[in-house]
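In the UniProt record's numbering, the protein residues as written are 1 to 150.
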């Protein structure tokens, strides 16, 4: 499935601080292009919970999303996440203010600003062998990474 905004102003998806927006399960693929997602909230993965699926995030922005446990924006139990040219601002998670990853994660040309995690990590990575960062910017976050080696 593809969700794409074609207009000159971005479509905004608002979780109203009550719900996660997307659950991506085994066999499912989601492409998000040119969207802004704000105010989502869940225990794990404020915006996305991925368990066996695949998601491509292209030129999207994520603001003010919260996970009371892991991954303020994205929680990857198992699956594949690719993030291109996207921005993460003011997101909160106990472990991983933006992303908690136990799957495969690629981040290319993306920016992380003012994200806060209780453990201090912007991205919490459980499997470093499946993490592919390239040209990412971190600014005023509590910290960048926590790598959990098997």
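All C-beta atoms, glycine included, are put in the ideal place defined by N, C-alpha and C.
Keep in mind the model is a prediction, meaning the values are calculated, not measured.
Judged by beta-carbon spacing, residue 82 lies within the 8 Å limit of residue 56, meaning their Cβ atoms are closer than that value. Residue nearest to residue 97 within the set 87, 71, 107 and 85 is 71 (criterion: CA-CA distance). Partner residues in a beta bridge of residue 43, as assigned by DSSP, do not exist. By DSSP's assignment, residue 82 forms a beta bridge with 56 and 106. Taking a 10 Å sphere around the C-beta of residue 122, we find 16 or more other C-beta atoms and assign the residue as buried. Within the model, the alpha-carbon separation for residue 15 versus residue 51 is close to 20 Å. Around the beta carbon of residue 18, fewer than 16 other beta carbons lie within 10 angstroms, which makes this residue exposed. Pairing residue 100 with residue 76 gives a Cβ-Cβ distance under 8 Å. The beta carbon of residue 134 sits closer than 8 Å to the beta carbons of 106, 107, 108 and 109 from its chain, once the five residues preceding and following it are set aside; these are given in chain order.
With fewer than 16 other CB atoms across the displayed protein chains lying within 10 angstroms of its CB, residue 12 is exposed. Shown here, residue 23 sits in a strand according to DSSP, grouped into three states. Annotated three-state conformation of residue 72 is coil, per DSSP. In this structure, residue 102 and residue 65 do not form a Cβ contact; the two beta carbons are roughly 19 Å apart against a cut-off of 8 Å. In this structure, residue 104 lies away from residue 86, with their beta-carbon atoms at least 8 Å apart.
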